[in-house]
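Everything on this sheet refers to the single structure shown next.
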Amino acid sequence: MADSSESIDFADFLKVRLVVGTVVSAEAFAEARKPAYILHVDFGPEIGTRKSSAQITELYAPDALVGRQVMAVINFPPKQIGPIQSQCLVTGFHDSAGRIALAVPDTPVPNGTRLL
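Next comes the structure, spelled out in structure tokens:
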């Protein structure tokens, strides 16, 4: 983990494509080593729908995730996680108990909108 005093410039920040998408389906990822869901997230017509493995089972049920907006990094290379290829990284924060709470916009925004 990087030292919190390490500075980056704005150009470094712009390299990370952190965008909003809407979860269109969520299902238990039975083959995952740690409890996780397979999410399909719609990032709008320019980016499309991408798949992600997300370890968010402690705070969210699959049916409650469908229709929710999430923020995800979409420019990491795909990562093979068991039998699926994760195409984006859905973001969140650890709470005091170590559970992952999703990072989400507090107002609906168009899918594909970039964090700036």
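Take the sequence shown: its letters are residues 1 to 116, numbered as in full-length UniProt numbering. Heads up, the beta-carbon is just placed ideally off N, CA and C, and yes, glycines get one too. Because the structure is a prediction, the values reported are computed rather than measured.
Close beta carbons around residue i, own chain, < 7 Å, minus the five adjacent residues each side
i      : result
THR113 : VAL19 and VAL20
GLN55  : LYS34, PRO35, ALA36 and ILE100
Beta-bridge pairing of residue i - partner residues as DSSP gives them
i     : result
ALA54 : TYR37
Euclidean distance between Cα positions of residue i and residue j
i     : j     : result
TYR37 : SER25 : 10 Å
THR39 : ALA11 : The question names Thr, but residue 39 is Leu in the sequence shown. For LEU39 and ALA11, the distance between alpha carbons rounds to 30 Å.
ILE8  : ALA30 : 39 Å
Cut-off 8 Å between Cβ atoms - residues of its own chain near residue i, not counting five sequence neighbours on either side
i     : result
ARG17 : VAL73, ILE74, ASN75 and ARG114
Residues of its chain near residue i, where Cβ-Cβ distance is below 6 Å and the 5 sequence neighbours each way are ignored
i     : result
GLN80 : none
ARG68 : VAL23
THR49 : HIS40 and ASP42
ARG99 : GLU58 and LEU59
Cβ separation of residue i and residue j, assumed to be a contact under 8 Å, to the nearest whole Å
i     : j     : result
LYS51 : ILE84 : 6 Å
VAL23 : LEU65 : 5 Å
ALA28 : PRO62 : 7 Å
Residue i: CB within 7 Å of a non-hydrogen atom of the ligand FAD
i      : result
PRO108 : Absence of the ligand FAD is noted for the structure shown, with no ligands found whatsoever.
Residue i classed as buried or exposed, judged by whether at least 16 other C-beta atoms fall within 10 angstroms
i     : result
SER53 : buried
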